[in-house]
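Written out below as structure tokens is the structure these notes cover.
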Amino acid sequence: MALFYEYLAKGNLREKLSGKDGKFFTWDQRLCIALDAAKGPDYLHNDCNPPIIHRDLKMANIPLDEHLQAKISDFRLLRIFSSANGVNIVTNPVGTPGYRDPKYCESGRSLTKKSDVYSFGVVLLELFNACSVQGDREYIVDWAAQEVQKQDYLQQIVDPRLDGQYDPHSAKKLVTIVYALRNYS
0 MALFYEYLAK
10 GNLREKLSGK
20 DGKFFTWDQR
30 LCIALDAAKG
40 PDYLHNDCNP
50 PIIHRDLKMA
60 NIPLDEHLQA
70 KISDFRLLRI
80 FSSANGVNIV
90 TNPVGTPGYR
100 DPKYCESGRS
110 LTKKSDVYSF
120 GVVLLELFNA
130 CSVQGDREYI
140 VDWAAQEVQK
150 QDYLQQIVDP
160 RLDGQYDPHS
170 AKKLVTIVYA
180 LRNYS
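Heads up: the sequence shown begins at 0 in the numbering used here, then just goes up one per residue.
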């Protein structure tokens, strides 16, 4: 079996978000990218029969086309659900540290759609903060949970390069994501 991908000229989300080319995404561009990227796991989980779990959703696996539309790539770890209850037993935790579902890592066995949802939540935190789970912030969920306790939390969890050019109402939704991720683990 062979998979063929369309050519995606803009690289992946990790590369583009780094700003090494001197450019960065606006708030609205980030919202559109997040929506596009969410369509991938939604399709795998809800439109495929049986459902499929990606198992390695991360910034580097979200390429962008010339219109900054996000796609999902790197399907080498995907798993098709073999059980009726939507749980797959896996003996070795796989995926990228920092993105892996903590419940999956603890048990090393229970693999569900929630594993991808957790990873996607981490991607959202990175996208809107422009930080990385690499290096100092491998545990971005723990870091973000501490930051939202501060009085100026939006300034801490939103990419400072935006210089306040974002919708505070939608930025506060990040806090909901942080708490959901923190309470899940």
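Beta carbons are placed, not taken as given, at the ideal position from N, Cα and C, and that holds for glycine. Treat the numbers as computed from the prediction; the structure is a model and nothing was measured.
With three or more CB-CB distances shorter than 8 angstroms, the stretch 163-174 counts as touching the stretch 109-127.
Boundaries of the alpha helix (DSSP H) harbouring Val116: 112-128, taken from the DSSP string. A distance below 7 angstroms between beta-carbons, with the five flanking residues on each side excluded, links Arg29 to the following residues of its chain, in chain order: Leu126, Phe127.
By the criterion of at least three beta-carbon pairs nearer than 8 angstroms, the stretch 157-167 is in contact with the stretch 22-40. A check of alpha carbon separations from Ala69 across His44, His53, Gly39, Gly97 identifies Gly39 as the nearest. The alpha-carbon of Arg99 is positioned some 30 angstroms away from that of Gly21. In the three-state reduction of the DSSP assignment, Ile71 falls in the coil class, being assigned neither a helical nor a strand state.
For the stretch 20-66, the full-length alpha helix (DSSP H) segments reaching 4 residues or more read 26-41 along the chain. The DSSP-derived three-state label of Ser109 is strand. Taking 8 angstroms as the cut-off, the Cβ atoms of Ile71 and Ser114 do not count as close.
Non-local beta-carbon contacts of Asp73 in its own chain, meaning distances under 7 angstroms to residues more than five positions away in sequence, involve Asp55, Asn60 in chain order.
Within the same chain, and ignoring the five residues on either side of Leu12 in sequence, the residues whose Cβ sits closer than 6 angstroms to its Cβ are Met58, Ile61. For Lys9, no alpha helix (DSSP H) encloses it, and the DSSP letter there is neither H nor E. Where Tyr152 is concerned, the enclosing alpha helix (DSSP H) starts and stops at 152-156.
In the same chain as Asp41, and ignoring 5 residues on each side of it, no C-beta atom comes closer than 6 angstroms to its own.
The shortest CA-to-CA distance from Ile32 to any of Lys102, Ile139, Glu65 is the one to Glu65. Exposed is the label assigned to Ala8, since fewer than 16 other Cβ atoms lie within 10 Å of its Cβ. Ranked by Cα distance from Arg160, the first of Asp141, Thr111, Cys130, Leu43 is Cys130.
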